[in-house]
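Residue numbers (the numbering used here): 83 to 383. Here the structure is laid out as structure tokens; the discussion comes afterwards.
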Amino acid sequence: MNELIMLVGLPASGKSTWAKEYSETHPDYIVHSSDKLREEMYGDNYDDADNSKVFEELHRRILEDLKMHSVIYDATNLVKKRRVHFLKGVPKHVYKTCIMFLKTYEKCLKDNSKRENSVPDEVITRMRKVFSPPMYHEGFNEIRVVQDDHKDIKELIDMARDFDQENPHHSLTLYEHLKKVSEGVPREEKNLWVAACLHDIGKLFTKSRINGKGEEDDYCHYYQHHCVGAYECLTCFDFSGALTGKDIYDAFYTANLIYYHMHPYLSWSQSNKAKNKDKYLIGKQMFSDVMLLHEADVKGH
Numbered sequence: 083m084n085e086l087i088m089l090v091g092l093p094a095s096g097k098s099t100w101a102k103e104y105s106e107t108h109p110d111y112i113v114h115s116s117d118k119l120r121e122e123m124y125g126d127n128y129d130d131a132d133n134s135k136v137f138e139e140l141h142r143r144i145l146e147d148l149k150m151h152s153v154i155y156d157a158t159n160l161v162k163k164r165r166v167h168f169l170k171g172v173p174k175h176v177y178k179t180c181i182m183f184l185k186t187y188e189k190c191l192k193d194n195s196k197r198e199n200s201v202p203d204e205v206i207t208r209m210r211k212v213f214s215p216p217m218y219h220e221g222f223n224e225i226r227v228v229q230d231d232h233k234d235i236k237e238l239i240d241m242a243r244d245f246d247q248e249n250p251h252h253s254l255t256l257y258e259h260l261k262k263v264s265e266g267v268p269r270e271e272k273n274l275w276v277a278a279c280l281h282d283i284g285k286l287f288t289k290s291r292i293n294g295k296g297e298e299d300d301y302c303h304y305y306q307h308h309c310v311g312a313y314e315c316l317t318c319f320d321f322s323g324a325l326t327g328k329d330i331y332d333a334f335y336t337a338n339l340i341y342y343h344m345h346p347y348l349s350w351s352q353s354n355k356a357k358n359k360d361k362y363l364i365g366k367q368m369f370s371d372v373m374l375l376h377e378a379d380v381k382g383h
């Protein structure tokens, strides 16, 4: 059985190094890299407008090689919608593995500065703001983790204690809000409870007085905090021990709840089609948990 290994991670998280080393000890695996293909196709003349052409050709080559070989797909692959779209085109008999490269955002910035082909820091910042955590419902048979370092969750909670949200919708500090929401969900539902404790933790890193129109406001906004929060949540888990498949499942389930917790306010409130599409993708249980988290969130303001 041929295998597709899709790498997921921020720039400078170690994906390409891992792919190179793995393919050297597993010569039957072919590595397809978006960075290398971009250089092959455009050299120094690359423009962001060409990105879709790069991935169109990359996907064509991957699917062609999967007919006879196993393939490592080396790209950031941070967006759920794009992962799902690509995986739908992969033959069912191919074993689909996701490897999530977890390195704290701060370490990614530090390691990126040491790379020969570094990217601007704002690129890594922007990518963290579009991150959506992988999950089995996307079509993966297995999810694995390569972890460089991890955060102490207590440090994030301490940062939240005196964090003034400076928003008319929130009279509580961030810590008070997280605590109140966590009290609104069943403690015995561990994944849901942890998600409630951390659901808005991304606000620590996304606070801005610039609104959606690019204008400065009198109060603060937290655009994409659910994406950043999902990433920060995963970096708080220590995957270095002898983890079971269930341990990994629980961690990514929790991160997905954090990612989806804003959907009832946004796309789901605007379109039943979008809500039903996501419900079909994530399944009844996760959808139910997202709605429970949403209800507690509304009451916890």
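Every residue, glycine too, gets a C-beta built ideally from N, C-alpha and C.
In the three-state scheme derived from DSSP, where H, G and I count as helix and E and B as strand, K192 is classed as helix. With fewer than 16 other CB atoms across the displayed protein chains lying within 10 angstroms of its CB, T107 is exposed.
L238 sits away from F245, with the two beta carbons spaced by 8 Å or more. Here W275 has S264, V267, P268, R269 as same chain residues with Cβ atoms under 8 Å from its own Cβ, once five neighbours each way along the sequence are excluded.
Burial is judged here by how many other beta carbons sit within 10 angstroms of a residue's own beta carbon; N159 has at least 16 and is buried. The segment 91 to 142 contains, as complete alpha helix (DSSP H) runs of 4+ residues, the segments 97 to 107, 116 to 124 (chain order).
DSSP places V205 in the uninterrupted alpha helix (DSSP H) bounded by 203 to 210. When secondary structure is reduced to three states using DSSP, C180 falls in the strand class.
Note that the C-beta distance between C309 and F213 is below 8 Å. Of the residues assessed, Y124 falls on the exposed side of the cut-off, its CB having fewer than 16 other CB atoms within 10 angstroms.
Under the Cβ criterion (8 Å, minimum of three pairs), the segment 322 to 329 does not count as touching the segment 338 to 355. Out of N358, Y335, G96, the CA that lies nearest to the CA of D371 is found in Y335. Comparing alpha-carbon positions, the option among G284, K285, D300, I283 lying closest to R291 turns out to be D300.
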